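Here the structure is laid out as structure tokens; the discussion comes afterwards.
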Amino acid sequence: MAKRCVQVYPRFERFWHWAQALLITVLLFSGLGMNGVHTLLSFDAAVRLHTVAALALFALWVFATFWLFTTGTWKQFVPKLEGMVQVARFYAWGIFRGEPHPYRKIYWRKHNPLQAATYFGLKWLIFPAVWLTGFAYLSYNLWAGEVADGTLWITVIANIHLLAAYLVAAFVIVHVYLLTVGHGFLSHVRPMVTGYDTIDLTQEQEAYLRTNEPYRIREIC
Amino acid sequence: MSRSAAIGLALAGWLMASHPLAAQDVPKEPVSASTTDHAKLKELQRDFASGPELTEACLACHTEADEQVMGSIHYSWDYLHPQTGQRLGKRSVINAFCGSVAGNEPRCTSCHAGYGWTEMSKAPPTRAAAVDCLVCHDRSGQYSKTATGAGHPPLAPVPAGTKTITGAKAKPVDLAKAAQSVGLPRRENCGACHFYGGGGDNVKHGDLSSALVEPGLDVDVHMSPDGQNFACSDCHLSKSHRWPGSRYSVMASDTEGTGLPGERRDVATCQSCHGEAPHPLTLTGIKLNDHTDKLACQTCHIPAFARGGVATKTFWDWSTAGRLDADGKPIVQSEFTQSDGQHLHTYLSTKGSFDWGEEVTPFYAWFDGQVEYANSEHEIDPAGVVEVNRITGDPQDGVSRIWPFKRMRGRQVYDSGLNRLVATHVWGPTSDTAYWTNFDWSRAIQAGMAAAGKEFSGAFGFVDTYMYWPITHMVAPAEDALDCQECHAPNARMAGLTGIFLPGTDPNNLTGMIGKLIVLAALAGVLAHGMVRLIAGRRRKGGAHG
């Protein structure tokens, strides 16, 4: 095993991440406006912005899902219990004592177990809740006549949508905070900009990459 | 073309283009499309001694007109409600204004589309010549009806002090001139009665006032000469002297939209011209089209009523009537100042206290178009606010929409023995029972109920009332329609309405509070975590150095 500067985030993944970050910011801002939390946008403008951003984000998710499964990257997001306790203990205790992070990024596992579990929950519970309720919300007039009490249905749907949105907001807060852990904010953000991060490579992995995808290894990160 | 002619044409074109006054010399209204010029008819080129005499001349050619008019509510003042079976119409209803037509006939029937209806207990005159053609069809602008003449026009010599139904000083009408001018009704024809309901300009409706005779575009986009310049009958299109558009049985929602040419002229709904999805196919437009499942068009497109500078009466308290000054004379107070500077009555010994409003925000309610009057047949609960005309609506029935209303507040007299509203004899300058002459409620009710043919226990009191007037005129230009946040905001226009889910009205509901708590907990968590990291880190460094 040797530390190498490897491209862990290909161009599409970086685009996906930052476009998603922008769209989620726009959606949270316009959504909270529509909900009446602030009045910085007119309701009309908030609805238009929210709808356009939501459709754009959904299109992005369609591409991202396709990408995840065709490239096999989906495996990165499968949660594993192994190492979970150590990582949890680190954030709750070791971090205050200056201990090193127990998780070593490896080529096929760039998320630590806690991270992977969080993303798994986000991708399988919260995001689907957001877009399922979001589409139901948006298409209200197409189905309202088919159910007994459309007003009750839309009330429930809107409240689930709102709760999921607040959970996304909480995720964003913790996500941004965790960038300050370890080697600092910039060292966490930089790989998502340049694509390159220092990870452990086995000899075989390094040999393979140097032969077949030499651009994925840099000498200095 | 010769050279000089070409120059002349060019010059004329330049003159017309650069001098708008030149264009105004051309009559704005095209010459009548009618095939008859009534001024050329020999039958009308003579003196007429009375309204009915003139009507006879009309009927000599328009042989069926009297039958048609007499069959219409404009003449019968009688309406049998098809759903509730209740007998309505001016002959029967009790309102929150002067109360009832019964007992006040020649004053109230001065607006009757006929001549000489002096007793409500009897059907209107059946003589063909009793129909008043001119009130609707006069285009000379000088026809009128006296305020207390049971429909007759003021004719020379006019007694001093006579007023017309609009409250103006009565001038003698030249019936021959009026007869020769006839044409299709204009706004001022319908308005002579409908703008002045309740005894004055815009007193009753709120959305029908003299401001609609020549309204600015901002007051009424359809009726404004700068807009469509519609006459009332462009929407209330008559067929055999009957008009669509009833306040007793309103078409609360129209899902049929426009028809093919020749079809669909039986309703006065917005949709009958604009269709069911009139907004453009933009993100906002699509959503607005979807709103028609809950809202009447009027709800957004009439942001306020009593626009255009004429106030409407919003409150009428009869219970304070009857106070006299130190000399025993009736009191007149005019403390409401209209936007044009005119002072309006706020207290009259004859009528009690009033309040007025301009640019009034409507009251909103679910409405299926049906109205049921309390009249004097329903028992009322005097402990609460009595609805003079109860409007019904159900969010789930598929027909009801949220409509704008003028909700008139009143405090009016009732029979406290039988718990019923009463007809009152208020007008009667020569009677010894009329309230306005004698200030005695007991006798005024006795006489009013006798005129209405109803029972009166002899005991009376005052009760708070609401009366609802659907708002449908004074449609504003599209850019003045309500912004979304007029309703989609906390404590906004639809506050209190049930049966709808209205985003943006309650950011602090249970879910909103839980969500905010989650976000706060996340913030507090990361802050605390960060602080401990910072302190622990310093201590470690301090220890190393120490």
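Top line first, the protein sequences correspond to chains A and B.
Per our numbering, the first sequence starts with residue 38, numbered consecutively.
Per our numbering, the second sequence starts with residue -12, numbered consecutively.
A virtual CB, placed ideally from N, CA and C, is assigned to each residue, including glycine.
Since this is a predicted model, take the numbers as computed values, not measurements.
Asked: Bounding residues of the alpha helix (DSSP H) (the contiguous stretch that carries B/Glu466); Found: First-last for B/Glu466: undefined, no H or E at that position.
Asked: Under 8 Å by beta carbon: chain B residues contacting A/Tyr156; Found: Result: empty, since nearest Cβ-Cβ is about 16 Å, beyond 8 Å.
Asked: Min CB distance A/Arg134 to chain B below 8 Å; Found: yes
Asked: Per-residue DSSP class, three states only, for A/Glu241; Found: helix
Asked: Cα-Cα separation between B/Pro537 and B/Ile152, rounded to whole angstroms; Found: Examination of residue 537 of chain B is not possible in this model, given that chain B is present from -12 through 533 alone.
Asked: Neighbour list for A/Asn196 in chain B, Cβ cutoff strictly below 7 Å; Found: Thr498
Asked: 8 Å contact criterion, which B/Leu571 and A/Arg85 should meet: CB distance rounded; Found: The structure shown does not extend to residue 571 of chain B, since chain B is modelled only from -12 to 533, so the question has no answer here.
Asked: Within chain A, the residues that B/Arg527 reaches when beta carbons sit closer than 8 Å; Found: Arg134, Gly135
Asked: Cβ neighbour criterion (16 or more within 10 Å) applied to B/Asp312; Found: exposed
Asked: Supposed close pair B/Val536, B/Thr42 - CB separation, criterion 8 Å; Found: Since the first residue of chain B shown is -12 and the last is 533, residue 536 of chain B is not available in this structure.
Asked: Contact list for B/Arg520 against chain A, beta-carbon separation under 9 Å; Found: Ile132, Phe133, Thr217, Val218
Asked: Between the CA atoms of B/Gly246 and B/Gly170 - distance to the nearest angstrom; Found: 28 Å
Asked: Beta carbon proximity, A/Val84 to chain B, threshold 8 Å; Found: yes
Asked: Local conformation of B/Val409 per DSSP, three classes; Found: coil
Asked: Cβ pair B/Ala308, B/Thr337 closer than 8 Å; Found: yes
Asked: Same chain, Cβ closer than 7 Å to A/Ala56, five either side skipped, listed in chain order; Found: Leu97
Asked: Contact check, A/Leu69 vs A/Val205, beta carbons under 8 Å; Found: no
Asked: Nearest to A/Leu169 (by Cα), restricted to the options A/Ala195, A/Val184, A/His148, A/Asp186; Found: A/Ala195
Asked: Below-8 Å beta-carbon distance, B/Asp12 vs any chain A residue; Found: Only weak support exists for where B/Asp12 lies, its pLDDT of 45 falling under 50; the coordinates are left without a value.
Asked: Contact set between B/Gly517 and chain A, taken where Cβ atoms lie within less than 8 Å; Found: Tyr214, Thr217
Asked: Helix, strand or coil at B/Ala10 according to DSSP, with G and I counted as helix; Found: With a pLDDT of 36 at B/Ala10, under the threshold of 50, the modelled position of this residue cannot be trusted; read the value that follows with caution. In this structure, B/Ala10 counts as helix in the three-state DSSP scheme.
Asked: Residues of the region 482 to 495 of chain B with Cβ closer than 8 Å to any Cβ of chain A, in chain order; Found: Gly486, Ile487, Phe488, Pro490, Gly491, Thr492, Asp493, Pro494
Asked: Interface flag, B/Pro267 vs chain A, CB-CB below 8 Å; Found: no
Asked: Cross-chain neighbours of B/His288 in chain A, by beta carbon under 9 Å; Found: Those do not exist, as B/His288 stays about 16 Å from chain A at its closest Cβ, beyond 9 Å.
Asked: Test: A/Phe164 CB closer than 8 Å to a CB of chain B; Found: no
Asked: CB-CB length for B/Val506 against A/Ala58, believed under 8 Å; Found: Contact doesn't hold; Cβ gap of about 17 Å is too wide.
Asked: Near-chain B residues of the region 62 to 76 of chain A (beta-carbon distance less than 7 Å), N- to C-terminal order; Found: Met71, Asn72, Gly73, Val74
Asked: Counted within 10 angstroms of its Cβ, other Cβ atoms place B/Pro202 as buried (16 or more) or exposed; Found: buried
Asked: Under 8 Å between C-beta atoms of B/Val409 and B/Tyr422; Found: no
Asked: Cross-chain neighbours of A/Tyr203 in chain B, by beta carbon under 9 Å; Found: Thr498, Gly499, Ile501, Gly502, Lys503, Leu504, Ile505, Val506
Asked: Cβ distance (whole Å) where B/His288 is taken to contact B/Ala468 below 8 Å; Found: 5 Å
Asked: Top-ranked residue by Cα proximity to B/Val358, from B/Ser59, B/Leu31, B/Arg74; Found: B/Arg74
Asked: For B/Trp390, the residue or residues it bridges with in DSSP; Found: B/Ala352
Asked: Selected residue, minimal CA-CA separation from B/Phe447, among B/Leu489, B/Thr420, B/Trp428, B/Cys98; Found: B/Trp428
Asked: Contact list for B/Gly524 against chain A, beta-carbon separation under 9 Å; Found: Phe133, Gly135
Asked: Expected contact under 8 Å - CB spacing of B/Trp353 and B/Pro382 to nearest Å; Found: 6 Å
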